[in-house]
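**Student:** First, the structure itself, so that you have it in front of you.
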Amino acid sequence: MLHIVNKSATDRGSLESCLAMATKGSAVLLIEDAVYAVTKGGAAAAKIQAAAADLKIYALGPDLAARGMSGRVLDGVNVVDYGGFVDLVAEHKSCQSWL
Amino acid sequence: MSEMDDMDEGSGIIKKFMFLNRKAPHGTVYALEGLEVVLITAAFDQDVSMVFTDDGVYQLIKGVDTKGIEVKDFSKTYRALDGYDIEKLYVDQKSMDARGLTEEDLIVDVTVLSVDEMANLMAEQDVVISF
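These protein sequence lines map, in sequence, to chains A and B. Per my numbering, residue 1 is the first one in the first sequence, and the count goes up by one each step. Per my numbering, residue 100 is the first one in the second sequence, and the count goes up by one each step.
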């Protein structure tokens, strides 16, 4: 299953809800303001790194760049472009958007 | 006294305005709209302070490239604020620390305040507007 989160983890609880529900082997794609969660030194960094043991964590590159965060991405996070976003949706049987 | 006299008298009043920015840029329209309102307020010669706290500190990050998401890069506008006599820019220390950010990461010179200092600054304002 693919989980998509678009809200900042320091503003809303959607990333936390997502990580609590995502089962082993699932993919989590962070887009829009959610991309701050995968940046070094951020409040959610430890949670993301712990989650990366069981989940595949992706972040949308254009959203990182637009926020000046391209150079701060945590190790173990896969950065994808819009084509990669489409591939992820196509590869997974179902999607859940944590609005 | 005519209506016109009333207006002339009113136009001389300078109030202390604080614009409190708490949202990250791009994900919502708050940051961009807030910036527009700040510029309008300054055009009326008001005493403007801009405060960046919580995710609002992300508005001031340098090294932004918005081409990929096809939106305006308004981060450069913060650098033009001093041209509008808006020189009071404050960021919250705790919000910066929580996001692993330092003053070096920001596109403009700011004054970093503790929560207590921020609270005092807010208390002395005539108007507080939140975005």
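Glycine is no exception: its CB is placed at the ideal position from the N, C-alpha and C atoms. Everything numeric in this text was worked out from a predicted model, so none of it was measured.
Which residues in the same chain as Phe173 of chain B place their Cβ atom closer than 8 angstroms to its Cβ, once the five residues preceding and following it in sequence are excluded?
**Tutor:** Result list for Phe173 of chain B: Pro124, Ala130, Leu131, Leu134, in chain order.
**Student:** Along the chain, where does the alpha helix (DSSP H) containing Ala179 of chain B start, and where does it finish?
**Tutor:** That run of the alpha helix (DSSP H) goes 174-179.
**Student:** Under 8 angstroms between C-beta atoms, does Lys93 of chain A make it to chain B?
**Tutor:** By this cut-off, Lys93 of chain A is not an interface position.
**Student:** What three-state label does DSSP hand Asp191 of chain B in the structure shown?
**Tutor:** Note: Asp191 of chain B maps to strand in three-state DSSP.
**Student:** From Val226 of chain B to Ala37 of chain A, what does the alpha carbon distance come to, in whole angstroms?
**Tutor:** Looking at the two C-alpha atoms, the distance is approximately 33 angstroms.
**Student:** Mind listing the chain A neighbours of Val170 of chain B? Cutoff is C-beta to C-beta under 9 angstroms, in chain order.
**Tutor:** Neighbours of Val170 of chain B on chain A, chain order: Ala66.
**Student:** If the cut-off is 8 angstroms on Cβ atoms, which residues from the stretch 6-33 of chain A count as contacting chain B, listed in chain order?
**Tutor:** If the cut-off is 8 angstroms between Cβ atoms, the stretch 6-33 of chain A has Asn6, Lys7, Ser8, Thr10, Asp11, Glu32, Asp33 near chain B.
**Student:** Rounding to the nearest angstrom, what Cα-Cα distance links Val51 of chain A and Ala22 of chain A in this structure?
**Tutor:** A small fix is needed here, since residue 51 of chain A is Ala in this sequence, not Val. Distance between the alpha carbons of Ala51 of chain A and Ala22 of chain A is about 9 angstroms.
**Student:** Using a beta-carbon distance below 8 angstroms, is Asp191 of chain B in contact with chain A?
**Tutor:** It does not: the Cβ of Asp191 of chain B has no partner Cβ on chain A nearer than 8 angstroms.
**Student:** Cutting at 7 angstroms between CB atoms, please list the residues of its own chain near Val79 of chain A, excluding the five before and the five after it.
**Tutor:** Contacts found: Ala59, Gly61, Leu64, Val73.
**Student:** Output yes or no for whether 8 angstroms exceeds the beta carbon distance between Tyr55 of chain B and Met217 of chain B.
**Tutor:** It is not possible to answer for residue 55 of chain B, since the shown part of chain B is limited to 100 through 230.
**Student:** Closest to Gly126 of chain B by C-alpha separation, out of A:Val5, A:Ala27, A:Cys18, would be which residue?
**Tutor:** Closest by alpha carbon: A:Val5.
**Student:** Could you work out which residues of chain A lie near Thr165 of chain B, taking near to mean beta carbons separated by less than 7 angstroms?
**Tutor:** Per Cβ cutoff of 7 angstroms: Ala66.
**Student:** Check whether the Cβ atoms of Leu55 of chain A and Ser97 of chain A sit closer than 8 angstroms, and answer yes or no.
**Tutor:** No. Outside cutoff.
**Student:** Indicate the three-state DSSP secondary structure (helix, strand or coil) for Ala27 of chain A in the structure shown.
**Tutor:** DSSP places Ala27 of chain A in strand when its eight states are reduced to three.
**Student:** Per DSSP, Met1 of chain A forms a beta bridge with which residues?
**Tutor:** DSSP, once it has assigned bridges, lists no residue as partnering Met1 of chain A.
**Student:** What in chain B is Cβ-close to Ala43 of chain A, meaning under 8 angstroms?
**Tutor:** Under the 8 angstroms cutoff, chain B gives Ala197, Arg198.
**Student:** Beta-carbon within less than 8 angstroms of Leu119 of chain B's beta-carbon, same chain only, minus the 5 sequence neighbours each way: which residues are those?
**Tutor:** Here the set comprises Val150, Thr152, Gly155, Met221, Val227, Ile228, Ser229, Phe230.
**Student:** Please report the residue range of the alpha helix (DSSP H) in which Asn219 of chain B lies.
**Tutor:** Where Asn219 of chain B is concerned, the enclosing alpha helix (DSSP H) stretches over 214-222.
**Student:** Under three-state DSSP, which class holds Phe151 of chain B?
**Tutor:** In the structure shown, Phe151 of chain B sits in a strand (DSSP, three-state: E or B).
**Student:** If contacts are defined as beta-carbon pairs under 8 angstroms, then Ile113 of chain B and Asp146 of chain B qualify, I think. What distance do you get, rounded to the angstrom?
**Tutor:** Right, their Cβ atoms sit about 6 angstroms apart.
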